[in-house]
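Visitor: Take a look at the following structure, please.
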Amino acid sequence: MNRLTKAVFVATLTVALIASYAAATITVVTPTRPLFIGVSYFITWSVSDPAPTTLGIIDIRNTDNNNITMIDDKANLTNPTHNKAWVVNVIPGNYFFEINDGSATVNSGIFQVIDRNSSSSDVPAPTGGNTGAATTPASPTTTGGNTGATTAATTTTPSKSGASILRSNLIGLFVGLGVVALVMIQLF
Numbered sequence: 001m002n003r004l005t006k007a008v009f010v011a012t013l014t015v016a017l018i019a020s021y022a023a024a025t026i027t028v029v030t031p032t033r034p035l036f037i038g039v040s041y042f043i044t045w046s047v048s049d050p051a052p053t054t055l056g057i058i059d060i061r062n063t064d065n066n067n068i069t070m071i072d073d074k075a076n077l078t079n080p081t082h083n084k085a086w087v088v089n090v091i092p093g094n095y096f097f098e099i100n101d102g103s104a105t106v107n108s109g110i111f112q113v114i115d116r117n118s119s120s121s122d123v124p125a126p127t128g129g130n131t132g133a134a135t136t137p138a139s140p141t142t143t144g145g146n147t148g149a150t151t152a153a154t155t156t157t158p159s160k161s162g163a164s165i166l167r168s169n170l171i172g173l174f175v176g177l178g179v180v181a182l183v184m185i186q187l188f
């Protein structure tokens, strides 16, 4: 290989490596107050990539028994409003939403689902985890005759803390750049 070919190879490898660590992230915006069975709410998310994967999977996982209920197996993750209406159709318990874009799964914070015809004390409050702090108020899309208070707060809570995601991405980036440096030393 001549020097120009080697330089082009190393530059291409470096750009590909950096691009792989600058991939899109999806952040689920989730209610932190209880959701009521039979009431329609919006599941909302944000996407950092201007051209994310077209379709993804949205489901809800019960933290008490680990059961998963599919909400949409062909969710349009590029939808400009980044939301999906969903009528709560799971048993009372503690839950979190999962969105999978084909390359990774992100989770919302933990929240409660309550039967609006029973007291909220029937379901233990979530413990620990990604509950996050409320940032903006939200309300159900329809009340379905619910006479109780049904407002919810939203929070942007990725499945891992931003610091841990950044740390793991930086470690991977530096390891990759180290490999590129070693290749450059060997080639030149």
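For the sequence shown, position 67 matches number 67 in our numbering, and the numbering has no gaps at all.
All C-beta atoms, glycine included, are put in the ideal place defined by N, C-alpha and C.
On a predicted model such as this, the values are computed, not experimentally measured, just so you know.
Pick out whichever of 99, 102, 98, 94 has its Cα sitting closest to the Cα of residue 112.
Guide: Of 99, 102, 98, 94, the residue nearest in Cα terms is 94.
Visitor: With DSSP run on the structure shown, which of helix, strand or coil describes residue 87?
Guide: Three-state DSSP puts residue 87 in a strand.
Visitor: How far does the beta strand (DSSP E) with residue 104 in it reach, from first residue to last?
Guide: Careful: residue 104 lies outside any beta strand (DSSP E) and carries neither H nor E.
Visitor: With a 10 Å radius around its C-beta and 16 neighbouring C-beta atoms as the bar for buried, classify residue 68 as buried or exposed.
Guide: The residue in question, residue 68, is exposed, as its Cβ has fewer than 16 Cβ neighbours within 10 Å.
Visitor: List the DSSP bridge partners of residue 70.
Guide: Bridge partners of residue 70: 59.
Visitor: Tell me whether residue 179 sits in a helix, a strand or coil according to DSSP, three-state version.
Guide: Helix, per DSSP.
Visitor: Closest to residue 92 by C-alpha separation, out of 35, 103, 184, would be which residue?
Guide: Looking at the Cα atoms, 35 is the closest of the given residues.
Visitor: Kindly indicate which three-state DSSP category residue 43 falls into: helix, strand or coil?
Guide: If DSSP states are grouped into helix, strand and coil, residue 43 belongs with the strands.
Visitor: Pick helix, strand or coil for residue 187, following the three-state DSSP scheme.
Guide: The answer is helix: DSSP assigns residue 187 an H, G or I state.
Visitor: Does the distance from the C-beta atom of residue 57 to that of residue 100 stay below 8 angstroms?
Guide: Cβ distance < 8 angstroms, so residue 57 and residue 100 count as in contact.
Visitor: Once the 5 residues before and after residue 182 are set aside, which same chain residues still bring their CB inside 7 angstroms of it?
Guide: Result list for residue 182: empty, nothing under 7 angstroms.
Visitor: Hey, residue 107 and residue 90 are a contact pair by Cβ (cut 8 angstroms); roughly how many whole angstroms apart?
Guide: Residue 107 to residue 90, Cβ: 16 angstroms. No contact.
Visitor: Measure the C-alpha to C-alpha separation of residue 76 and residue 83 and round it to an integer number of angstroms.
Guide: If you take the alpha carbons of residue 76 and residue 83, they lie about 9 angstroms apart.
Visitor: What does a CB cutoff of less than 7 angstroms around residue 64 pick up in its chain, not counting 5 residues either side in sequence?
Guide: So the qualifying residues of the chain are 93, 94.
Visitor: DSSP has residue 110 in a bridge; who is on the other side?
Guide: DSSP lists no partner for residue 110.
Visitor: Rounded to a whole number of angstroms, what is the C-alpha to C-alpha distance between residue 115 and residue 33?
Guide: Each residue's Cα considered, the two are about 13 angstroms apart.
Visitor: Any idea which residues DSSP pairs residue 65 with across the strands?
Guide: Looking at the DSSP assignment, residue 65 forms no beta bridge with any residue, so it has no partner.
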